[in-house]
Each structure stands twice: as C-alpha cells, then as structure tokens.
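Using the numbering used here, the first residue of the sequence shown is number 18, and each one after it goes up by one. Each residue gets a CB set at the ideal place from its N, CA and C atoms; glycine is no exception. Everything below concerns the one structure shown next.
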Amino acid sequence: MNFSIIKNAATARIERVELFLLNVETARHFSHGVWRNRQHAVLQLGGAAQSGWGECVAATNRPELDLAQWGAVLGELKGRTPDEAWEILRLARDVWPNKTLEMAEMALLDWCARLAGTPLLELLDLPLREPVAGLFCVLESQPEKAAERARFALEKNLKTHIKLKIFGDLALDCALIRAVRAAMGPRAFVVADANGAYTARGENLVAQLKKLRESGLDALEDPAKLEIGEWVELQNAVGDLALVPDEPLRPAWRAQAQIAAGMGRIYNIHPGTSGSLLEAIALARQIQNFGAQVMIGDDSLVGPACSAWQQLAIGLGASWCEALEKPDESSAFSSCIRAQNTRKDAEGRVELGELKPGFGLEVDAEKLRKNLVFA
C-alpha cells in the first residue's frame, strides 16, 4: 500500500505521542462472553503545531489497566518523519496488536493531512459524499431488554437499520429477533451477529438460519466458524438472507489474499481488527469489485475513531455504519469536541458537513485533560 500523502509532510517530525484513558462502564453481551467494562485508548500524535487523533479499545474488564505500559511501543514513533513512522507501523504488522496499529495509523494519517491542509477523504481518493445509514447495535440477552434498546434507537432517529447480538441458541435468538423486529417495524433492515456461535453444519445449519430469517432477520453476520468455500455454499443455500462475513476479513492486509466472491452479499470492514485504514480501503474496493456491498462495523467506539470511520463509510459508499458516538455510554470525549466533519441528519444517517483538514476534529485539549486520565 502506497502511503503517498507523506509527501505533503515529509520534513515534519512527530514531537508528541500522548495517550489518554477513557473508561466505559456499560456492559455489552456477546455469545463469547460479557464486557462488564472497557478501557479505551485515545491517541494524540503530532508536531509542527498540528495534531492527529486515534482511538481503540485497549482492554476489556481491566479497570486496573496501566495505559503507559500498554502503549509503550508507541514511543518508537516519537521523533520520526511520517515516512519513517509509516515504515515502523508496516513492519510491526503481526507484532503489535491490530488495534494499536490501526489507532496509530489513524492518528498519523490525520496529522499528515492536517499538515497538508486537506481533508483525508480527498487525499485518500474517496469521492462519494452521499449520507450513509447509521446503525444502532443491541447487546442484550433478554427479548424484553432487546426491544427496549430498539425503542431507544428509534428515539434517536436511528430508524432504518439495527443490529442485535445473538447467541447460538435458536429459540432465544428467534425470540430476540422477533422482539427487535416488532419494535422497529416491518421496514427496518434487521441484522444479527452470531460471532460464530452456531455449530451445526450442512442442512442443519441452513435450516437454523432459515428459521432466523422467518423470525424477521434480513442479514446475518458470522453465523458459524466457516472456511471460505463453506461461506459461498451457505450463502447460496439460505436464499434471500444476506450473509455478512466479518472474521475472515481480519486483518485487512491478509484478507485481500484470502476472501472470495460470493461469501456473502455484504462484507464487514471492522474497526479495531482491520489493523490499517489504508488496507481496509483497499479491501473494501476489492469487495466492491466482486459486486458485493461493504459496511463499516464498530468496536464499541466512543471517541475520535467514530467520526473517522463514518467518513470512510461515506467515501466508500457503505451500506451502513455502526461506528456511532454513544453519549449514553460515555460523553467524556465527545463533550470536548468543538467541531467535526460528520453529523447525523433527521433520518439517522451520517452526513458530511464542511470538510476540514484531516478527519476534522477540533478538540478542547484543556477540557479533555480534565475529563480523561493522561498517561
């Protein structure tokens, strides 16, 4: 992947590598377990009077996390030019965690584009500008609570798309889908994410997925642990239920050599697991060349990564974007934002406002230092 925008900032050096800790106490329920709390790293990287921002979930269920120790590898970027920093990140693939790589690249791209005085969508040659549907994610294991969260989404004008986590228990999953469908109404597009929880194969798996479809489901993400050929066979067998591959797309640079056409109708470009925004863009274009759709997922983000991924969703023409701000879970970072490139319209879609350089976040740094723990 060519990191060509470094030419606009070739002589600058990274003078600041600053990490902030953002704690979120909201529980999130998955088939693989429960996040009782999570610890977000917010990165400010910069020099020459400009800064770039990044974010990732550093840990879950670890309120004692030592952020300085967790992020010590990022110290390698200090004093580097953009091309030197990019080479460090490229060589760190499969060495650093994908989340750390992705956060650092996000901040580096943002900083370089700000030095160039140009919005990143322009530098990355992402020409599309139409609003993209915002999608609310329900993480509840009880149908009545799932319906309550769906109604919360409607209150926030997120009316067209919704996702719920399911658990590999067919009776429970059908009940959850029916509850969310009843709350959202017949026109909403309902997606479920099984995180690979279904263990049946062949006709038994097809029969189970058709039951989910009959309960009101439109699309299903990662139904089971499948090989590439199994994905293609399953999509052919389940009729109009759209499969959404996610795990096979991790990380983005490896997925480009592995995925195939026909694995699903919509492919999930997933924040926090792609490992690189530039490689995620290349992967998305590969998928679109298959004739399939792409969506932008979420990693329970609550900080600067939300607007960054929303802009990529718009620039790529994604079917929907899950990476939405979550003020009901945390407003510690969002309350420090003075201006940004993205906003929600009356239909719950993410749209662009006036595009400012980089990803366009203007942050009240003094307030941020009061709100977040600085490492």
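In three-state DSSP terms, what is residue 44?
-> coil
Which residue's Cα is closest to the Cα of residue 52: 68, 75, 66?
-> 75
Apart from the five residues just before and just after residue 223, which ones in its own chain have a Cβ nearer than 8 Å to its Cβ?
-> 251, 254, 255
Would you check if the stretch 378 to 387 and the stretch 141 to 150 touch, i.e. whether three or more CB-CB distances between them fall below 8 Å?
-> no
Note down, in chain order, each residue of its chain lying with its Cβ closer than 8 Å to the Cβ of residue 168, except the 5 sequence neighbours on either side.
-> 200
Residue 342 - DSSP class collapsed to helix/strand/coil = coil
Residue range of the beta strand (DSSP E) that includes residue 52 | 50 to 52
Curious, which full-length alpha helix (DSSP H) runs of at least 4 residues does the stretch 245 to 290 contain?
-> 245 to 254, 269 to 272
Pairwise C-alpha distance: residue 30 and residue 96 = 5 Å
Would you tell me roughly how many angstroms separate the C-alpha atoms of residue 309 and residue 280, rounded to the nearest one?
-> 9 Å
Find the nearest neighbour of residue 138 within the set 314, 354, 295, judged by alpha-carbon distance.
-> 295
In chain order, what residues of the same chain have a beta carbon less than 6 Å from the beta carbon of residue 160, not counting five sequence neighbours either side?
-> 192, 193, 196
Where in the stretch 178 to 251 do unbroken runs of the beta strand (DSSP E), each at least 3 residues long, occur, reported from the N-terminal end onward?
-> 178 to 182, 206 to 210, 236 to 238
State yes or no: is the C-beta of residue 343 within less than 7 Å of the C-beta of residue 367?
-> no
Distance, residue 341 Cα to residue 307 Cα = 27 Å
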